[in-house]
Structure formats: structure tokens, C-alpha cells
Amino acid sequence: MSAALDRQIRPIYDALDTGSNKSAIVACNKLLKKHPQNELIKALKALALVRSQKVEESLVLCDEVLDSKPTNDAVLSAMTHVLRGLGRHKDMVTMFEEAYKQQPFNEELGAQTFFANVRAGQWKSAQQIATKMHKQFHDDRYLYWNVMSAVLQANDAATPPNMRTLLYKLAHRLITSSPTPSYQNNDRFYLHLSILRELELYDDAHKLLDSDIGRAICSTSLSCNQIRRDIWRLRGMIREEGELAEARIMNMKDRNWLEFLSILDATFSYFTPSEADGPSSSETSKSEGLEHLAKTQELFTRIAEEDGPKDRSAGLALLELEKRARSHGISQDSGRLVGLMQRYFDQVGDKACCFEDLKPYLALEGEDLARWTSFLEAVPSSFTTPAELRRLMNAHKLLRHNLTPPQLTVEAETARVTRYLDEYLRGLKLGVDLPPTELQHADDLALLAANVLVNLWKLTSDEQYLLNAVTLLEYALTKSKHSFQARLILIRLYRLLGAPSLALEHYRTLGIKQVQHDTLSHFILSRASTFSLASTGDLTLATECLESTQIYISNSQETSDFVVRAFTAEKYSQIPEFIVFEDRLDNSLQRDIVKMEHLRMRISHEPINSDIIDMELIELKFIFDRTHHDNRDFDIIANYQPRSSDSIHLQTLLFGKQESLGWLWTFLKLYIRALQQGSDLDDTVEEKLLIGDRPKQTFDADKRPPLKERLVQKSDQELVELTQDELSFVEFASALAEWLEPYHDYTRPPPSVVLAEAAKQTEIKTGHPLKGVDLQELNGATTPKKEEEPPAVTEPPELVTKYFDSLKTRFAEVRKNPSPTEVLHVATLAQEALLLFTVETLRFKPASVVKVNKLGGLVASFKCIRSEAISVLREISSELLKQSEAAGTQESRKDFTEACEIVTNAGIDHDFTLGVAKKVTDARKKVLEGVSKGLGRVSSATNLTSLRTCRTEAKLQQEHRSTV
Amino acid sequence: MSVLRPFKATDMFKFNNINLDIWTETYGIGFYLNYLSRWPDLCCVQEAPSGRMMGYVIGKAEGVSTEWHGHVTAITVAPEYRRLSLARKMMRLVEMVTDEIYKGFFVDLYVRCANTVAIEMYEGMGYSVYRRVREYYGNLGLGKGGRDEEDAFDMRKPMSRDPNRRSVRANGRDMIVSAHDVS
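Residue numbers (the working numbering), protein chains in the order written: chain A, 1 to 964; chain B, 1001 to 1183.
This is the structure in C-alpha cells:
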């Protein structure tokens, strides 16, 4: 390229770098006049077009450049970005492969080709490139790339299980063929060992490990040592492992808990004789074991004494030893366990982790339990130092953990809450001088009290306990403003109380970001459509849904880059981990639960037309083929409920139901079915219109029954996750779909017509024909005259006609509940049912369609159902408005403060309580009013659109291309 | 009593009890993946027997010639597991790996000048202040501690490859540099 041209191209890069895509396009156009065939300018223009969402035009340029089979570095790199923007990873592979073929001595190009395959997850061709590179450039690293790719192919879900071992064997053959031994590099060594472990070649692995260099690597590398430990165990070297662990503990002062576990496993290996030992040896083995047990006990006791309070390992190891001895029936002293627990408490009781440390040993009974309980009860409740306070709090938590149902009466729990509150307020005094960013020492007492209040609510169904709990926690947050534990419970309670805006406020204060959206957004987005005001134009929650999904975009854009980097840096131990991570995020259950919630909000806000139907359909179908991973973090809320009762997480779930895969699948099936009926897209049309790679399928994907069958499958296991009201909504939806299916199928235009129309629109818009569609062939495509008669019009099923009426009854049942959550649930589902009805009947709007297909009778019954639905919605709406007015009165605030007797009696200021009361009642008023208005709007809109026709095929193509 | 093990990419799904704490930042996934793709042996986790994460350290190796060293980018322990010497154990691992695998001359880390508890702990472990970096922590603004809140001490500890302790100095607290001058 000439220097002059180079100078002229520079500004285009600058424009792209600063995001001024428009000026980049202008600059490209100018240069293209002089250099119409320049690939680089074309590629850069394509990039600017992709980035300004002009997918259509970009595609044309992109394909032109690809056809020219570029080899120039700058062009390839620009095209990498274009293709990535279009989701065409496979085309990227082809592009690099073509380039590499032309320049087989270009090592960099070879590496890029390999990486393109890595990004697309095409391990088999990655292997081939690596093989070629190894032959050509004689660098061992390429051999290892080959080995790693074989392993990754073995692990891939698209690989049938019977291929796995074969691929590992291949990897093994390759790695042993390496001219340099794997131990020259820790990560190569790790890879080698992991292959041997997979193939169960433990002796070979042992040989590697048992060398000086192998031992040296394991002593400094945690990951290699981990795999060594594994292999030793698998090889039956449990006792050797125990000896090694003992040496590490004694000589190197290693206090890794894994070493203690190794000693414990070795000790108890005598009591689970392996078959190899033969039956006669079991007796000798037992006596040997008892001897060993005594030795281990002595060892741990000695270390515990040496370490003192500095390290808790040996103390806990003694507990674990005793617990295991008990389970083997070889404990020498029945009082020993509790004695050890007491000693542990004496030593570690003033550390916050003591409760968690002791948890595995708390399942005591009878005499033991009585001794332990009276020991804890004797812990003094006067405290003058934070350490004493922590000791007391640990005693409370430990005692509470073992409470049995008869001890959990309303009176007893009330007494507990009074005590915790009193101690909490006294304990605050210990922290008056703490900086405002620190947490109060007494915080756990407030959390304990909140746990008890929630339990009281569960016992009595009396809302006053929740009101006390939120007041207390709000108070605790004024003292420890960064207590995320208090906030998490508050978020749950505010949703239960029907004050979602307060829940959101706390959620936002937590500062959830990045990957935490995946694990924690369930706190605010679970069944969030119940509280959504999208129908009134308030998109707060819908936006929250979209924001939480940013992380999935980062994942698909960034993670594969780091897989590539790990290859470059030869960090083989990380590569499988990165891929698992990428997969778990990409196929996250929470991601698609949020997607579902967002769709439910979206249809209440946007006019329902064919564009929305087609696009959502395509996306939901992709989701339906995923294998989901549940990454949600439910353990984060500290649970202080007794082991005999539900955890606080379960107790505070909205509607007492946890949605999971079953819920998601039920709603996916429901919506895919409805959208598919309402859409003109069939698979062949979709195939032509979609751009970008399709999601990778598992190896057995083709054995699945056809989609149509899968959509009507039902399982009780899935349905348990639904609330009663969701269940009746699902029944309504499936009855509706069943009823309308034949009319949809009869009326839907044939694929050739749909495609011709789409092609025509593309050409009008971009001036280029739709790729892969032969217009000539389609030109004659018109709706052929149907030979069959239209299906006879049938009466709507009762499940459909009676549905809205039954909602009225259901609404009357729940409207007296103190919390508005349940009425909101019924109301928003009623709204959703009407919207779903609109989706299902949209096709039959145009009078011409009705006439041609002789569906007049059908449309008449729609009218009845619709007007019935609208009248029910309006009724609910006006009732909600009344409730909203009542919620915001001084009266309701007064009721609130009066209900908060427990906390005000304990000493929390009345004015403070009044402040919380005002916030809660206002929040309730706001959500009731909003949902009420929304119902009104949806009803009116439905009434109006019945006069409009709105099938606009025109936009179809454009919308697809820009979103997919 | 805790398990010391390598930091894995999937630990990002379970570090909430550590990262929800106000003092621990949650970075983009690229941050963690970058460290893991280059210095996985300098990133490790302390885990309770229950599987709950207690704390983690993320480090790297960088610098040229005698400045080649291990650097602690982030070290954090969940509130409920503080005062159990976990940080000490993780630092020991970083030092061991820097010394034996990377053959670095020293290990260094940055700490808020106001954080006397941490500074004392590091001093107890053999670290000393090498320099004071002005306005290193800009995000929280000036708090009660004034300059000490936003300035950082760069603390170092020589490794076996630096037997003459050339990488440290006695008057480090008086050596003031601006944040632009450090990487």
C-alpha cells in the first residue's frame, strides 16, 4: 500500500476508535471512489456499518471481502471484528484457513487460524491446524496445543461419550511423543497428569510424580499437588498420602486443611478394608487401625497445644477425628465429642467463624445435647468487650441451631426476640467509636432477631412480625450502613410486603456488578413481572432486567479472548476452567429466567405486532435448546434458623415458591407455542433470514422429538415450581392454543410467500437481493387457492371462557390479605392472560383474512372473550386503586407503627418507626396505583387495536438482521 | 483451618460473601481471567471445609532486571473470617511462588496509608515501606484521615534472590512519588 493511501486511511481508524462510525463511513466512501477495489477500506466500512447497526449493508461488503480471500494483516484484523460483530465465528475460521493455505510459512497466520478455531469451539479443526504447525515450525508448544485441543474435544458436549476415551488416548499418544518432557513446564506437567488420570494410568502418573522433579513441582504448585493427591488416592496410596501430609504439617508447618483431611482419611482407611486385603486381614487391620487412631489423636492434640489460638486446624481435626470414630463405632469415650466441642468453643468462641466451624458437629442427641446446651446457656450475657459479645452471639447461634419444634412456640420465640433485641441495643454501645464504614460488633444479634421475627411470621402468618423485622433491620442499617446481610433480608421482606420500590433501593445500594448480576439478580428479578409497571410506561424493572444481562454479552465477547491468551501463555490448567466458566454463564438459568420476565414486561408495554412475535419466537427457541446451569447464589443470606425448620432463604421466597428449570420450561413452552402460532415464520424461512452462527448443539440433539411434540409435553415435576395462579394461567394458555391451532395452521401463508415478501423488502431497503434466495423462483409465489375447506369453527373450550370469571373469584379471595403481593400476582397474571390472547388472535384481525378463510364465527367468540376479560381487568383495576388509596393514609401508617410494638418496646425510637411506616405504605400505594393504571391501559389498548390491522411484513427482515 | 487451593474461573460464581463487603471491588470478568491466564500460580483461595470461600489473593509477576518481582494486586478476606491469619497464609504462598518459581527479587503490595492495622501486619511479615504514592486511591475522596486515606504505601519484602536487600530502603516513608510514576 502506498504511503499516501496509508495516511488517508489513518483517520478512518481514528474515527472507529472514537466511536464516530458515521464519519468513518463518509471517509470510506470518499476513498472507495478512488480505490473501489481496496479490501481494507471495504473491511473498515463494513466494520463501521456493523457498529452503526446497518447489518444489511455491512453483510454485502463483508461477503465481498471474504470472496477475495484476503491475506493482508490489516484486512484480516478488521474482518475479525466485523465477523465477530455479526456473530459469524465460523466464517472467521474459513477466512483464516484460506489465508493460511495461501501462506503456509506464515507462523502468525497459522496461530491466528488456530485461535479462530478456538474461539468458535471447533476443537477438531484446531487440532489439525496445530498438527500442521508443529510439522512446519517444530515448536513443541504446537504439539501441546494439539494435545489440549484433543482434550477439549473430548470434554465437549457435542462429542458422543464413546469418543471421549479415544480422544484422551490420542492426547496421551501425542504428549508422550513430545521430544521434551512435560515436566519442563508446570502447566504441561499438569496437562500430562490430567490425561493420565482420565485414562486411569495411575502407575504411569506415579512414575512421573515419584521423580525428584515431580516432587519439586508438587511442593510449589498447588494445582499439580492437587492432582497428585487425587492420583495417589485413586491408586490406593491413602496411607502414603497421610504420611506425606504429616511430614508437611510437622516439617513445613503447613496448616492447609487438606493435609489434615489426608491424615484423617489414612487413619480411617484401616476400618474400611479394601478387597485386596482379603477377609482374614480385617481383624489385624482393625487393631492396627486403633493403634493408628491413637497416634493421630496424639499428633493432633500436640499440634493443637503448640498452635494454641493461632491456628484452629488441629482443634477442628480432633473434632473431625472423633466424629468419624463415632460413625465407625470405635469411639473410646462417649463424652469426648462434647468435651472437644466445649474446648473448641473456649478457644475459638470469640471468633465470628466459630458457629460455622462447629456446625457439622451439632447433630447431637440425648445426654450429649443436654450437656452441650447447658454449657452454652452458661455463657455470660454481660459483655464489656467485643470478644465477649462475639462469644455470646456464637452461643446464641449454636443454641438456636438445635432447637426442636416444641421449643419454637410463639411465646418462646417472642421471648428470644426480646432478648436478642435488648442485647443488640446494649451491644451497640461497644461500637460507638467505630468509623462509619465499619460494621457494628453487635450486628449478628440484629440478624438473629430478624430470623426469629421471620420465623414468628411463618408460625402465625401475622404480618406484624415482618413489619417489626423491617423496622429493626432499617435501624441496624443506620448503625452499620454497609451491612449487606441486613440489606439482603430487607430486599426479601419488602417484596413479601408488597413494597418493591424499597427492595430495589436496597438492591441498588449493594452495588451489584459484573458477574454478580448472574448470581445475585434473583433477589430483585425473581417473578419481577408481578411488580412491573411497564404497562404504565415505567420501565424501571425492565431496565434492571436488561442491565443484568450485560454480563452475558461481556462473556461472549471477552472470555474466548482469554482462552486464546491462556494458549499463548501455555497455561493449560486454566483453559478447561475458562471454557466451563464461559459455558456456565452463557447457559445460565438466571439469564433465561430474566429473559422470560423481561418478555412478560415487554408485551405489557410495547404494541404486540408481528415483529415482536417473530423476534421473541426465534430467541426463545434458541433458549429452549440450551442445557442450563444454575449459578444463583442462595447461600449468601446468613441462616440462623434451627436445623429442624426451613432456612431463612426458603422462608422468605416470594409466594413461597422457588422458580427454577421447571418454571422456566413451562413458561418457555407456553410462549413458544403461542408465538409460533401467531408467527408466519417456519423453520425454512427462519434459516434463510437468520445470520450468524447457530448455537452449538449437544451430541444427542438430533434424537430429541420434534419441537411441536416437546412443546406440549407436561410434567408434574416442572409444575410444582408454579404458584396456584400461575398454574391456572398455564392451563388457560394451553386450552387457548389447543383450540386455535387448526385455524392458525390453515390461515398461515406458505413459506415461499413469506420469503418472497421478505426478499422484496430487503431489496427495497438495501438495493441488494437477499442472499441465498432466488427471487425469480419465488416471483410467482402467491397464496395458492386452498384445496381443503377451512376447519369448522368450534366453540371455545370452557377453560378459556371461564378463565377470567374465575380470576374474579380468586381476586376476591386474596384482596383481604394485608400484603398486596398476592393481589398483584393475580392482577398481573390476568393482564398477561389478556395480552397472550392478543398474541393468539392477532392473525385474525384483518377482515379480509377472516372473510377468505370463513372464520367469522371464530372471531365472534373472540369478541365475547375479550370483552369479558376487559371487564374483569377493569374491575380489578378499580379495586386496586381503592386499595392504593387506603394504603397511603395516615390510618395505615398508624396501624404500622402500632404493629411494631416489639421493636419500639425494646427501645427503637417511635419516630424512626414512623419513618419506616411512611416509606412502606407509600411504596405499597405506588405499586398498587401503578398496576391498577396499567391494567386500565392494557384494557383500553386491547379494545382499540381490535379495530386496527397490524401485520407488517415489511419490517421483518430488518428487525431480524439487526437483533440476531 | 482452611483449605488453600488455586483460584478458579468458576470461583467468580461464589465469591459474593467476600465481594459484597464494601472494601472489596468486583471487577469485570476480564480482570480475573487476565490474571488467571498469565499467573495462575499467584492466585489462590482460602476456603472453609463447608466450601464457603473465606478470602483470596490475586497477584502477578512483573518488572525488568532487578525490578523483577511478585506483586499482590488484591488480597481480601470476608468479614466473618478476619483475624484468623488467613492473609498471612496467602501472602506466604505468594512469596514462596515468587521466590521459587518466578525467582523474583522481592514481593510488593500497596496499602492505604491510613490502614495502620494492615501496615503493622505486613511489617510483622517482613515488609517495609519503599515509597509513598500520592493519590493512589482516588475513588473514595478525602475522608477523616485526609491524605492518608488516598495515598498508598508501596511495601516490599526482599526474596532470597536479593540477599543484600537492595530492593528495600530505610527511609521509604519519605520517598514520595505521584500515582503516574508507578505502574
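C-beta atoms are modelled at their ideal positions from N, C-alpha and C, and glycine is treated no differently.
Which listed residue (1013/B, 1073/B, 1086/B, 1026/B) has its alpha carbon closest to that of residue 1048/B: Nearest of 1013/B, 1073/B, 1086/B, 1026/B to residue 1048/B, Cα basis: 1086/B.
**Prompt:** Of all the alpha helix (DSSP H) runs that stay within the bounds of the region 657-721 of chain A, which reach a length of 4 or more residues?
**Reply:** Correct list: 661-678, 683-689, 707-712, 716-719.
**Q.** Residues of its chain near residue 600/A, where Cβ-Cβ distance is below 7 Å and the 5 sequence neighbours each way are ignored
**A.** Only residues of its own chain outside the window of five on either side were considered, and among them 529, 832 have a CB closer than 7 Å to the CB of residue 600/A, listed in chain order.
Exercise. Under the assumption that residue 148/A contacts residue 575/A (Cβ atoms under 8 Å), give the Cβ distance between them as a whole number of angstroms.
Key: Their Cβ separation, rounded to whole angstroms, is 6 Å, which keeps residue 148/A and residue 575/A in contact under 8 Å.
### Message
Residues of chain B with CB closer than 7 Å to the CB of residue 614/A, please, in chain order.
### Response
Simply none; closest approach about 32 Å.
- Return the first residue and the last residue of the alpha helix (DSSP H) that residue 58/A is part of. Here the alpha helix (DSSP H) through residue 58/A covers 55-67.
message = Looking at the secondary structure, which residues open and close the beta strand (DSSP E) in which residue 871/A lies?
response = That residue, residue 871/A, is in no beta strand (DSSP E); its alpha helix (DSSP H) goes 856-887.
Can you find a C-beta in chain A that's less than 7 Å from the C-beta of residue 1087/B?
No, because no Cβ of chain A sits closer than 7 Å to the Cβ of residue 1087/B.
Quiz item: Below 7 Å between beta carbons: does that hold for residue 1072/B and residue 1094/B?
Solution: Against a cut-off of 7 Å, the Cβ pair of residue 1094/B and residue 1072/B comes out as a contact.
Taking Cβ-Cβ distances shorter than 9 Å, what residues in chain B pair up with residue 633/A?
-> Those are 1013, 1014, 1016, 1017, listed as they occur along chain B.
- Message: With a threshold of 6 Å on Cβ separation, who are the neighbours of residue 651/A within its own chain once the five nearest residues in sequence on each side are excluded?
- Response: Take residue 651/A, set aside five residues on each side of it, and the residues of its chain with a beta-carbon closer than 6 Å to its own are 454, 458, in chain order.
| said: Check whether the region 470-481 of chain A and the region 907-918 of chain A are in contact - that is, three or more C-beta pairs closer than 8 Å. | reply: Output reads yes: the region 907-918 of chain A touches the region 470-481 of chain A.
### Query
Secondary structure at residue 954/A, three-state DSSP: helix, strand or coil?
Reliability fails at residue 954/A, whose pLDDT of 34 lies under 50, so the model's placement of it is uncertain and no value is given.
| Within the region 221-283 of chain A, ranges of the alpha helix (DSSP H) (whole runs, at least 4 residues) | Counting whole runs of 4 or more residues, the region 221-283 of chain A contains the alpha helix (DSSP H) stretches 222-234, 238-251, 257-268.
If contact is defined by three or more beta carbon pairs under 8 Å, each pair taking one atom from either stretch, is the region 619-631 of chain A in contact with the region 1033-1044 of chain B?
The region 1033-1044 of chain B is not in contact with the region 619-631 of chain A.
*Unbroken alpha helix (DSSP H) runs of length 4 or more, entirely within the region 102-167 of chain A: which are they?*
Those alpha helix (DSSP H) runs which fall completely within the region 102-167 of chain A and span 4+ residues are 107-120, 123-137, 140-155.
**Asked** Beta-carbon of residue 959/A versus every beta-carbon of chain B: anything under 7 Å?
**Response** Low confidence applies here, because residue 959/A scores a pLDDT of 43, under 50, leaving its location unreliable and the question unanswered by this model.
Given a limit of 8 Å on CB to CB distance, which residues of the region 1073-1085 of chain B reach chain A?
-> Residues passing the 8 Å Cβ filter: 1079, 1080, 1081, 1082, 1083, 1084, 1085.
Taking the alpha carbon of residue 224/A as the point to measure from, which residue in 256/A, 259/A, 183/A has its own alpha carbon closest? Here the closest residue by C-alpha is 183/A.
Margin query: Please report the distance separating the alpha-carbon of residue 818/A from that of residue 903/A.
Written below: The straight-line gap from Cα to Cα measures roughly 20 Å.
Requested in this report: Pick out whichever of 1119/B, 1054/B, 1166/B, 1058/B has its Cα sitting closest to the Cα of residue 1105/B.
Outcome: Closest in alpha carbon position to residue 1105/B, among 1119/B, 1054/B, 1166/B, 1058/B, is 1166/B.
### Query
Nearest CA to the CA of residue 299/A: which residue from 723/A, 260/A, 334/A?
Here the closest residue by C-alpha is 260/A.
Beta-carbon gap between residue 121/A and residue 692/A smaller than 7 Å:
Cβ atoms of residue 121/A and residue 692/A: not closer than 7 Å.
Neighbourhood of residue 1030/B by C-beta, 6 Å cutoff - its chain only, sequence neighbours within 5 removed: None.
Test item: CB-CB of residue 673/A and residue 631/A under 7 Å:
No.
Would residue 483/A pass as an interface residue toward chain B - the criterion being a Cβ-Cβ separation below 7 Å? For residue 483/A, no CB of chain B lies under 7 Å from its own CB, so it is not counted at the interface with that chain.
- Task: Taking residue 1075/B as part of the beta strand (DSSP E), name the residues at either end of that continuous run.
- Result: Run containing residue 1075/B: 1069-1077, per the beta strand (DSSP E) assignment.
Item to check | Secondary structure, alpha helix (DSSP H): runs of 4+ residues fully inside the region 430-464 of chain A | outcome: If we require 4 residues or more, the alpha helix (DSSP H) runs fully inside the region 430-464 of chain A come out as 443-460.
Rounded straight-line distance, which links the Cα of residue 105/A to that of residue 97/A | C-alpha of residue 97/A to C-alpha of residue 105/A: approximately 13 Å in a straight line.
Fill in: Chain-ordered chain A contacts of residue 1026/B [CB-CB under 9 Å]
Within chain A, the residues near residue 1026/B are 511, 512, 513, 514, 515, 516.
Under a CB-based cut-off of 7 Å, is residue 322/A close to chain B? Closer than 7 Å: no.
**Q.** Nearest-angstrom Cα separation, counted from residue 488/A out to residue 653/A
**A.** Cα atoms of residue 653/A and residue 488/A: separation of roughly 12 Å, rounded to the nearest angstrom.
query = Can you name the start and end residues of the alpha helix (DSSP H) that residue 751/A belongs to?
reply = 751-766 is the extent of the alpha helix (DSSP H) around residue 751/A.
Give the DSSP-derived three-state secondary structure of residue 826/A in the structure shown.
For residue 826/A, the secondary structure class from DSSP, reduced to helix, strand or coil, is helix.
Between the C-alpha atoms of residue 107/A and residue 133/A, what's the straight-line distance to the nearest angstrom? Near 8 Å, if we compare the C-alpha coordinates of residue 133/A and residue 107/A.
Problem - For residue 1040/B, three-class secondary structure by DSSP - result: Three-state DSSP puts residue 1040/B in a helix.
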